[in-house]
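Just below is one structure, and these are the notes that go with it.
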Ligand code: ASP
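Residue numbers (the working numbering): 10 to 591.
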């Protein structure tokens, strides 16, 4: 090895030793006849000293070193007179006797320090330099530790890690596929897996019993802070189990990760039915770090002559605790917030519970003191509280109020990154109505089994059929989801029929799976965790980008390698493809 120690290793116990270190020049400062240089590697930072009195030439050489030069130094470990107790190597320094420049460096385009002056775009272009910075690298160290713990936990429970192919055919999980042309089969395309869903089910048919994989998945969707075109799942499947077994094993995995990686002991995870999550939070992934549950008001507010409420399917609100002192301007801001096109509410009604005990609403004309007292009772308001109400079509108004609740929660500082609130959401509907295509879609995916007692309703009331499906939510982020699967051909065919597939289409696309079900498929089920999301929650980040070494930007581009890009005519010819961009 080129070095005897790393830059984070030496301390007072090494005094007097002659050592050799390698690393990058972080900082250099001259003080009289002495030059101090901080040399950095992944493990830490060590101070080097060069002194005119000992070696004029060497000191001059040291003064020539620029930021991010790669050096190798040999010298003696000395005790520092000016100690820095904030870092493990802060009590010592190296009196250098030999210096070798292993590689020079151009001046980096931004400061390689914890606090950098580089903007997002610049740092993305020079991602390899950004990754030198502690905060970014630490996220990846954390991620690596989590991956190891996942492997350890699952392997101990007899899960086998199996790799599944990346060039497959379309797996319908609700997103658009990325496709890859096949040179050997002109005009035909592979699809990149949205997840290994069908393969892991086939592994159950093969008798593998317990499978897992930390695996890349690909979905061509519009990007958001918690979405990348390629992302990683902790993907699992088990045979001969019930939903209860899966929830217990994967709650166990999550708690183990919190215990070993974050040193936190979490309580048992609460469970909530999908219907309750929608009713109380307007979301299938409620942020339960704070309460502020929805209160429905139809029975209290209707029939008093206020058209907005009378004509609404649902009148529902929240109690923004302690916000009665909001100024007119702040309330206007909130009204603007809910009226933004992305949210789409038509207006916001409010009522203040004033310090003198009176309740004043923005619709006093329709609701007298006695009526407002009923509002106050419904929301359990106290002096200083502010009631915020929306009205409209049930599903829409719940979504809108969910946004408002999260906004208020944020403003009140209730969404603390150091607090973790996990929740299982269970009993999802099997199907979801899609306005655009005018038909039902699978809410999870087409392989999810309906609750046996609800199967009869598939024909009469498909929207109300519940699935054996579950999601793990932490702090309002969907961390994972899964289901008990269909494992017989007849039920799987019925499901495809309800999703609008003709028997021929179903056979063409999924014949392999339904055929497999005819050769002794065990009852099975599974789950997949979004590993990037879990890691970003552990790292206290808002975006998954910084737990990914080389992420893409919001337009799906990697601006460092400049991808996607056009390809050479010769490559297209080989693929027998003509590119016409319309
Ligand atoms: N394949 C599913 C997904 O990616 C997870 C599962 O059902 O296991 O969401």
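Even glycine gets a Cβ: it sits at the ideal position worked out from N, Cα and C.
- Relative to residue 454, the option among 463, 462, 479 whose CA is nearest is 479.
- Shown here, residue 92 sits in coil according to DSSP, grouped into three states, outside any helix or strand.
- About 52 angstroms separates the beta carbon of residue 63 from that of residue 540, a gap too long to meet the 8 angstroms contact definition.
- Annotation: residue 69 to residue 117 spans about 23 angstroms, alpha carbon to alpha carbon.
- By the Cβ criterion, the segment 306–316 is not in contact with the segment 281–289, since fewer than three pairs of Cβ atoms, one from each stretch, lie closer than 8 angstroms.
- Here residue 222 has 170, 171, 172, 173, 205, 244 as same chain residues with Cβ atoms under 7 angstroms from its own Cβ, once five neighbours each way along the sequence are excluded.
- Non-local C-beta neighbours of residue 487 in its own chain, meaning closer than 6 angstroms and more than five positions away in sequence, comprise 294, 480, ordered along the chain.
- Around the beta carbon of residue 418, a 10 Å sphere encloses 16 or more other beta carbons of the protein chains shown; the residue is thus reported as buried.
- In the DSSP assignment, residue 509 falls outside any beta strand (DSSP E) and carries neither an H nor an E.
- By the neighbour-count criterion, in which 16 or more other beta carbons inside 10 Å mark a residue as buried, residue 32 falls on the buried side.
- Residue 88 sits away from residue 96, with the two beta carbons spaced by 8 angstroms or more.
- Secondary structure of residue 496 (DSSP, three-state): coil.
- In the structure shown, residue 460 falls within a coil segment according to DSSP collapsed to helix, strand and coil.
- CA-CA distance, residue 292 to residue 359, rounds to 22 angstroms.
- Distances between the C-beta of residue 300 and the heavy atoms of the ligand ASP are all 7 angstroms or more.
- Sorting 416, 26, 135, 82 by C-alpha distance to the C-alpha of residue 34 places 82 at the top.
- If one requires a minimum length of 3 residues, the beta strand (DSSP E) runs lying completely within the segment 296–368 are 323–329, 358–362, in chain order.
- In the DSSP annotation of this structure, the continuous segment of the beta strand (DSSP E) that includes residue 538 starts and ends at 533–539.
- Looking at the DSSP output, residue 83 shares a beta bridge with 29, 107.
- Taking C-beta separations shorter than 6 angstroms and ignoring five residues to either side along the sequence, the partners of residue 132 in its chain run 139, following chain order.
- Annotation: residue 202 to residue 311 spans about 50 angstroms, alpha carbon to alpha carbon.
- Per the C-alpha coordinates, the member of 280, 496, 483, 175 positioned closest to residue 427 is 483.
- Following the DSSP letters along the chain, one finds residue 469 inside the alpha helix (DSSP H) bounded by residues 466–469.
- At least one heavy atom of the ligand ASP sits closer than 7 angstroms to the Cβ of residue 536.
- Counting every other CB atom within 10 Å of its CB across the protein chains shown gives residue 573 a total below 16, marking it as exposed.
- By the C-beta density criterion, residue 458 is buried, having at least 16 other C-beta atoms within 10 angstroms.
- Here the distance from the Cβ of residue 206 to the nearest heavy atom of the ligand ASP is below 7 angstroms.
- Residue environment: residue 494 is assigned as buried (16 or more neighbouring CB atoms within 10 Å of its CB, all protein chains considered).
- Look at residue 418 here: in three-state DSSP terms it is helix.
- Within the same chain, and ignoring the five residues on either side of residue 208 in sequence, the residues whose Cβ sits closer than 6 angstroms to its Cβ are 173.
- Under the three-state reduction of DSSP, residue 140 is assigned to coil, being neither helix nor strand.
- Rounded to whole angstroms, the gap between the alpha carbons of residue 368 and residue 408 is 27 angstroms.
- Look at residue 37 here: in three-state DSSP terms it is strand.
- With contact defined as three or more Cβ pairs closer than 8 angstroms, the segment 391–398 and the segment 317–331 are in contact.
- Beta bridge pairing from DSSP links residue 167 with no other residue.
- Three or more beta-carbon pairs separated by less than 8 angstroms are not found between the segment 246–253 and the segment 559–566, which leaves the two stretches without contact.
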